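Take a look at the structure below.
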Amino acid sequence: MTKKTILSGIFAIALVAVAGMGINRSVNNDANLSDFALVNVEALAQAETGDEFTQKTDCIACQRDHSCLGKDGQTYSWAHHKNDPSH
Amino acid sequence: MKYKYVYLIAFIGCFLNCTSKKEVHRESVVYKTVTDSIYTRMPGVLLKFGNYSVWQDPFGVDGFIHVIDTKTNKEIGVMGKIGQGPHEFNTPAIQRGTGNSILVFDLNSQKQGIFSIDSLKLDKNYYTPLPKSNNHRVTRKIQLDDNSILSLLPGNSMPFVLENNDSSRKEFGVFPINEQINNGYNIFQGAIGYNKDKKLLIYSLMNFFSLNIYERSDGNDFTLKNTIMPNINYKITKSELVLDKNTQIGPAEMTLTKDYIVTIQRDYEKDNTEESSVGMDFSKNPTTIFLYDYDGNLIKIVDVGIPLLRIAGEINNNELFAIGIDNEFIIIAFGI
Chain D
16 MTKKTILSGI
26 FAIALVAVAG
36 MGINRSVNND
46 ANLSDFALVN
56 VEALAQAETG
66 DEFTQKTDCI
76 ACQRDHSCLG
86 KDGQTYSWAH
96 HKNDPSH
Chain P
15 MKYKYVYLIA
25 FIGCFLNCTS
35 KKEVHRESVV
45 YKTVTDSIYT
55 RMPGVLLKFG
65 NYSVWQDPFG
75 VDGFIHVIDT
85 KTNKEIGVMG
95 KIGQGPHEFN
105 TPAIQRGTGN
115 SILVFDLNSQ
125 KQGIFSIDSL
135 KLDKNYYTPL
145 PKSNNHRVTR
155 KIQLDDNSIL
165 SLLPGNSMPF
175 VLENNDSSRK
185 EFGVFPINEQ
195 INNGYNIFQG
205 AIGYNKDKKL
215 LIYSLMNFFS
225 LNIYERSDGN
235 DFTLKNTIMP
245 NINYKITKSE
255 LVLDKNTQIG
265 PAEMTLTKDY
275 IVTIQRDYEK
285 DNTEESSVGM
295 DFSKNPTTIF
305 LYDYDGNLIK
315 IVDVGIPLLR
325 IAGEINNNEL
335 FAIGIDNEFI
345 IIAFGI
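Chains as they are written, first to last, in the numbering used here: chain D, 16 to 102; chain P, 15 to 350.
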């Protein structure tokens with residue numbers, strides 16, 4: 016095994032290790048966010064298929080800059096109430 | 015004498031022609047693409063500060079405010095984090111501050127602050143916290159000047175609360191439908207904007223069309239100058255207002271320019287897309303903007319030629335930024 020091959024292998028391993036650290040840090044940081052903040056972000060990600068979100072909050076994600084008072088006492092952005100007559 | 019009937023018919027014809035609804039001018043515009051590097055599931059608020067375009071990423075945990083230099087079409091930086099730290103927000107709502115700054119408040123806490131584009135450009139500390147404010151049931155906030163912030167509370171008995179640096183507080187305004195209801199928070203949500211040169215506050219509702227124009231006198235007094243609204247059919251059931259199912263939805267987006275109040279609205283004479291079919295299918299969004307003068311008169315309808323999601327202008331010119339959909343989200347620029 017040549018010196019060049021060994022160095023390439025070390026570099027590749029180092030690259031994977033750094034990437035793994037970045038992912039781990041990101042996951043831990045996300046885990047430190049309040050569940051509430053993540054709920055709003057996840058609600059937008061799930062859009063109209065966020066059945067669990069709607070069941071928990073009575074809110075439905077939408078593209079309008081609308082706010083929804085959830086039945087859990089929190090206010091959600093980019094969402095409207097399921098009983099909103101205009102939607 | 016024998017011509018008196020001719021003169022009478024001619025007079026009636028002229029009278030009807032003068033008083034009949036004037037046809038709205040329609041035109042198209044050619045836009046320039048600023049950037050197609052909008053990497054998000056859905057862009058939030060769009061703002062314009064001279065040559066700088068600011069867009070909100072509702073999914074941006076590590077940065078929910080993006081600033082783009084439209085001269086170079088490059089992003090110059092990202093500001094704002096989601097979280098519970100001293101400079102972080104759980105559920106940020108963003109709007110214009112004064113100068114080149116962005117006002118951010120948290121929908122679920124008393125936190126609010128200012129993010130400075132000028133400081134971001136100089137790589138300085140760009141965040142300045144503001145005194146805590148009761149943000150419960152506030153849906154919009156704008157900074158009128160360095161001393162005062164205006165909030166919209168659609169569920170309150172009066173729509174607006176003006177808070178000043180001297181801790182004074184004033185509620186004012188009327189809703190366009192004068193009924194005692196429990197669901198005002200859902201019914202009366204909308205966009206607000208302030209033209210400080212004309213001293214006019216504009217309140218445009220989202221659930222039905224209603225454009226409300228308030229004039230600011232010296233100090234902090236606002237007077238309702240005009241309300242533009244078609245006849246709205248509704249009923250009150252168990253203290254809740256229920257709109258007639260045929261009620262035309264109001265504009266989702268409104269911005270102010272030097273000469274116009276600009277909204278994203280569907281031109282139903284040319285586009286009969288059912289609003290109930292749109293949902294999160296952005297390709298079905300309207301391609302038109304409506305331009306009203308500051309008396310609330312519809313002046314013209316402009317077809318931008320691309321489905322539109324957001325619109326942003328400023329009061330010292332008639333240039334606009336918009337977020338459109340062309341297979342992906344893009345920021346475009348055009349003049350009106």
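Beta carbons: idealized from backbone N, C-alpha and C, even for Gly. Owing to the predicted nature of the structure, the values given are computational and were not obtained by experimental measurement.
Can you tell me whether residue i is buried or exposed? The criterion is at least 16 other CB atoms within 10 Å of its CB, across all chains shown.
| i | result |
| --- | --- |
| Ile250/P | exposed |
| Asp80/D | buried |
| Asp71/P | buried |
| Val318/P | buried |
| Glu342/P | exposed |
| Asn192/P | exposed |
| Thr269/P | buried |
| Thr69/D | buried |
| Asn104/P | buried |
| Asp340/P | exposed |
| Glu185/P | exposed |
| Asn149/P | buried |
| Asn330/P | exposed |
| Gln279/P | buried |
| Lys259/P | exposed |
| Gln89/D | buried |
| Gly74/P | buried |
| Asn226/P | buried |
| Thr257/P | The sequence shown places Leu at residue 257/P, rather than the Thr named in the question. Leu257/P comes out buried. |
Consult DSSP for residue i and reduce its assignment to one of helix, strand or coil.
| i | result |
| --- | --- |
| Phe419/P | Missing from the structure shown is residue 419/P; chain P here goes from 15 to 350 and no further. |
| Glu289/P | helix |
| Glu8/P | For residue 8/P there is no data in the structure shown, the boundaries of chain P being 15 and 350. |
| Ile201/P | helix |
| Phe68/D | helix |
| Asp87/D | coil |
| Ser165/P | strand |
| Asp73/D | coil |
| Ile246/P | coil |
| Ile191/P | coil |
| Ser133/P | helix |
| Ala34/D | Legend: pLDDT at Ala34/D = 38, less than 50; position of this residue unreliable, no value from coordinates given. |
| Ser297/P | helix |
| Lys146/P | coil |
| Arg40/D | Confidence is the limiting factor: at Arg40/D the pLDDT is only 38, short of 50, which leaves the residue's position unreliable, though a coordinate-based value still follows. It is helical. |
| Lys284/P | coil |
Measuring CA to CA, which of the options is closest to residue i?
| i | options | result |
| --- | --- | --- |
| Val38/P | Ile275/P, Phe78/P, Asn311/P | Asn311/P |
| Ile337/P | Asn330/P, Asn331/P, Pro300/P, Ile315/P | Pro300/P |
| Trp93/D | Ile116/P, Val75/P, Pro57/P | Pro57/P |
| Asn332/P | Asn65/P, Arg40/P, Thr49/P, Lys18/P | Asn65/P |
| Asn98/D | Tyr199/P, Lys46/P, Leu219/P, Ile90/P | Tyr199/P |
| Val43/P | Phe304/P, Ser181/P, Asn87/P | Phe304/P |
| Gly111/P | Ser218/P, Tyr274/P, Leu323/P, Leu158/P | Leu158/P |
| Ser147/P | Ser123/P, Lys314/P, Lys88/P | Ser123/P |
| Phe236/P | Leu214/P, Lys88/P, Ile82/P, Glu254/P | Leu214/P |
| Ala234/P | Leu255/P, Met294/P, Ile163/P | It is worth fixing the name first, because residue 234/P is Asn in this sequence and not Ala. For the residues Leu255/P, Met294/P, Ile163/P, the minimum Cα distance to Asn234/P belongs to Ile163/P. |
| Tyr45/P | Ala326/P, Asp232/P, Ile320/P, Met220/P | Ile320/P |
| Ile216/P | Phe222/P, Lys135/P, Ile206/P | Ile206/P |
| Phe223/P | Lys210/P, Gly113/P, Gly204/P | Gly204/P |
| Tyr51/P | Leu61/P, Arg40/P, Thr84/P | Correcting the residue type first, residue 51/P is Ser in the shown sequence and not Tyr. Taking only the C-alpha atoms, the option nearest Ser51/P is Thr84/P. |
| Phe202/P | Thr302/P, Pro190/P, Ile275/P, Ser231/P | Pro190/P |
Answer yes or no: does any C-beta atom of chain A fall closer than 8 Å to that of residue i?
| i | result |
| --- | --- |
| Asp99/D | No chain A is part of this structure, whose protein chains are labelled D and P. |
According to a CB-to-CB cut-off of less than 7 Å, which residues of the region 110 to 121 of chain P neighbour chain D?
Leu121
Hey, is the region 228 to 242 of chain P in contact with the region 280 to 296 of chain P, meaning 3+ C-beta pairs nearer than 8 Å?
no
Which residues of the region 58 to 70 of chain P have a Cβ closer than 8 Å to any Cβ of chain D? Give them in chain order.
Gly58, Val59
Below 7 Å between beta carbons is the criterion; list the residues of the region 74 to 90 of chain D that meet it against any residue of chain P, in chain order.
Gln78, Arg79, Asp80, His81, Ser82, Leu84, Gln89, Thr90
By the 7 Å beta-carbon criterion, what residues does the region 259 to 278 of chain P contribute toward chain D?
Ile263, Ala266
State whether the region 167 to 186 of chain P contacts the region 115 to 128 of chain P, with contact taken as three or more CB pairs (one from each stretch) at a distance under 8 Å.
no
Touch check for the region 285 to 296 of chain P and the region 264 to 275 of chain P: three-plus C-beta pairs under 8 Å?
no
So if I threshold CB-CB distances at 9 Å, which residues from the region 188 to 207 of chain P count as touching chain D?
Asn197, Tyr199, Asn200, Ile201, Gln203, Ala205
Chain-ordered residues of the region 321 to 333 of chain P with a beta carbon less than 8 Å from chain D:
Leu323
Report yes or no: do three or more beta-carbon pairs, one from the region 91 to 101 of chain P and one from the region 47 to 61 of chain P, lie closer than 8 Å?
no
In the region 297 to 323 of chain P, which residues sit with their C-beta less than 9 Å from some C-beta in chain D, listed in chain order?
Residues of the region 297 to 323 of chain P with a C-beta less than 9 Å from any C-beta of chain D: Asn299, Leu323, listed in chain order.
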